[in-house]
Amino acid sequence: MEAAGRESGAAPKAGIASTLASFVKANNDRDADSVTACFSKDAVVYDDGQIMRGAEEIRQWIAELFRKFQYVVAPTNVRELENGEILTATINGNFPGARVSLDYHCRTLGDKIDVMIIQPSRVTK
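Numbered according to my numbering, the sequence shown spans residues 639 to 763.
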């Protein structure tokens, strides 16, 4: 399912699960506690060669990203999966390259993210 990107960086209202919309908003608000609240207590995140297990490691990981970088997450696409979704987003910020398109492969458990694998998108717009 296609979700139109928004210039403001806010999550699209249609086509994106409320959990992922909350994840995007919390990132753009730079709110580590709200980002962490999007995940189950035993969630696992794979990002840039790191593995974060559990809410506390996830909170530390996102807090460190917020400390190091200023960025905005702008969703461009959502693809439905049997047990989750893949959110594609453009990330603009003060990191090397200044712009990247990432796929957030998410497996959900109820209304929480249980597993998230973050990797560069195959197609960059």
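Every residue gets a Cβ at the ideal spot worked out from N, C-alpha and C, and that includes glycine.
Beta-bridge partners of residue i, as assigned by DSSP
i       : result
Glu-723 : Glu-718, Cys-744
Phe-677 : Ile-751
Ile-696 : Ile-696 pairs with nothing; no bridge assigned.
Thr-728 : Ala-712, Ser-739
Arg-691 : Val-682
For residue i, the nearest candidate out of the options (CA to CA)
i       : options                            : result
Trp-699 : Asp-685, Leu-740, Arg-760, Ala-655 : Asp-685
Gly-731 : Asp-752, Phe-704, Tyr-709, Thr-674 : Tyr-709
Whether residue i touches residue j by CB criterion (8 Å)
i       : j       : result
Arg-610 : Val-682 : Any answer about residue 610 is impossible in this case: the structure gives the chain only from 639 up to 763.
Same chain only: Cβ atoms within 7 Å of residue i, ignoring 5 sequence neighbours per side
i       : result
Val-711 : Gly-647, Val-662, Asn-665, Asn-666, Ala-727, Ile-729
Neighbour-count burial assignment, residue i, 16 or more Cβ in a 10 Å radius
i       : result
Ile-696 : buried
Glu-702 : exposed
Ala-649 : Legend: pLDDT at Ala-649 = 40, less than 50; position of this residue unreliable, value from coordinates given subsequently. So Ala-649 counts as buried.
Spatial neighbours of residue i in its chain, beta-carbon cut-off 6 Å, leaving aside the 5 residues before and after
i       : result
Asn-721 : Arg-745
8 Å Cβ shell around residue i - same chain, five flanking residues per side excluded
i       : result
Met-639 : Residue placement at Met-639 is poorly supported in this model, since its pLDDT is 34, which falls under 50; the coordinates are not used for a value here.
Pro-758 : Val-738, Ser-739, Leu-740, Asp-741
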